[in-house]
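Worksheet: one structure, shown below.
Residue numbers (the numbering used here): 1 to 215.
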């Protein structure tokens, strides 16, 4: 594992920690999209099925279990905690799952490395992760209710993907047979979705003002 991959993993993990901190400390999930959290849970479950039949390393297994467990924990808070669920912006978080899940599943059935059950699900998770942030970005644009912890959560997710792209570039030049075109294209699409957010995030940070996205 190279430094860029490790930094990307830590950024991803930190984003989840920031989100859990926001929910637990403030007893609020205002500004957080449940749709995005459930999509991420679906991403992790379909991607990490190999936990049951393949062992790579202790680090790898711990990270997979951690991401599944934290995704389920966030959803549990937002759906079942009596105090937290009252702060959920249900009326604004209306992005339809089908518009993301169905195309990703069809694409995974058509474009994959091998047409096997686990490989198709793994490919599906790659495609779905690329667009899973969309409900969150739409919710932030609609409500303009963007506190610092929510903004930092999304920024860390974007940083995770950016660092993974650097990791792929590094591996391309250091590993002769490393080619992952479907992963690379999906990663670039995912990173591009953050471009508008990072422009306004950086602008707000420079001027020490509250983040606002154009409606």
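Ideal Cβ placement from N, Cα and C applies to all residues, glycine included.
Check: Should residue 12 be labelled buried (16 or more other beta-carbon atoms within 10 Å of its own) or exposed?; Outcome: buried
Check: Report the CB separation of residue 35 from residue 89 in whole angstroms; it is logged as a contact under 8 Å.; Outcome: The Cβ separation is near 11 Å, so there is no contact.
Check: Please go through the stretch 97-185 and give each complete alpha helix (DSSP H) segment of 4 or more residues, from N-terminal end onward.; Outcome: 98-110, 117-131, 134-143 and 148-174
Check: Determine the extent of the alpha helix (DSSP H) in which residue 22 is found, giving its start and end residues.; Outcome: 3-26
Check: Could you tell me whether the Cβ atoms of residue 128 and residue 46 are closer together than 9 Å?; Outcome: yes
Check: Would a C-beta distance cut-off of 9 Å place residue 31 and residue 202 closer than the cut-off?; Outcome: no
Check: Can you list, in chain order, the residues of its chain whose CB lies under 7 Å from that of residue 29, leaving out five sequence neighbours each side?; Outcome: 23, 77, 78, 84, 87 and 88
Check: Given 8 Å as the limit, tell me if residue 157 has its C-beta closer than that to any heavy atom belonging to the ligand ZN.; Outcome: The ligand ZN is not part of this structure, which contains no ligands at all.
Check: Taking the alpha carbon of residue 19 as the reference point, which residue from 67, 53 and 44 has its own alpha carbon closest?; Outcome: 67
Check: Only counting the same chain, and skipping five residues up and downstream in sequence, which positions put a Cβ closer than 7 Å to that of residue 41?; Outcome: 71, 72 and 75
Check: For the alpha helix (DSSP H) that residue 56 lies in, which residues bound it at each end?; Outcome: Counting along the chain, residue 56 falls outside any alpha helix (DSSP H), and DSSP gives it neither H nor E.
Check: For residue 213 versus residue 140, is the C-beta distance shorter than 9 Å?; Outcome: yes
Check: DSSP three-state call for residue 188: helix, strand or coil?; Outcome: helix
Check: With a threshold of 8 Å, are at least 3 pairs of Cβ atoms found where one atom belongs to the stretch 147-164 and the other to the stretch 100-110?; Outcome: no
Check: Keeping to the same chain, check which residues put their C-beta closer than 6 Å to that of residue 4; ignore five residues upstream and five downstream.; Outcome: 163, 166, 167 and 170
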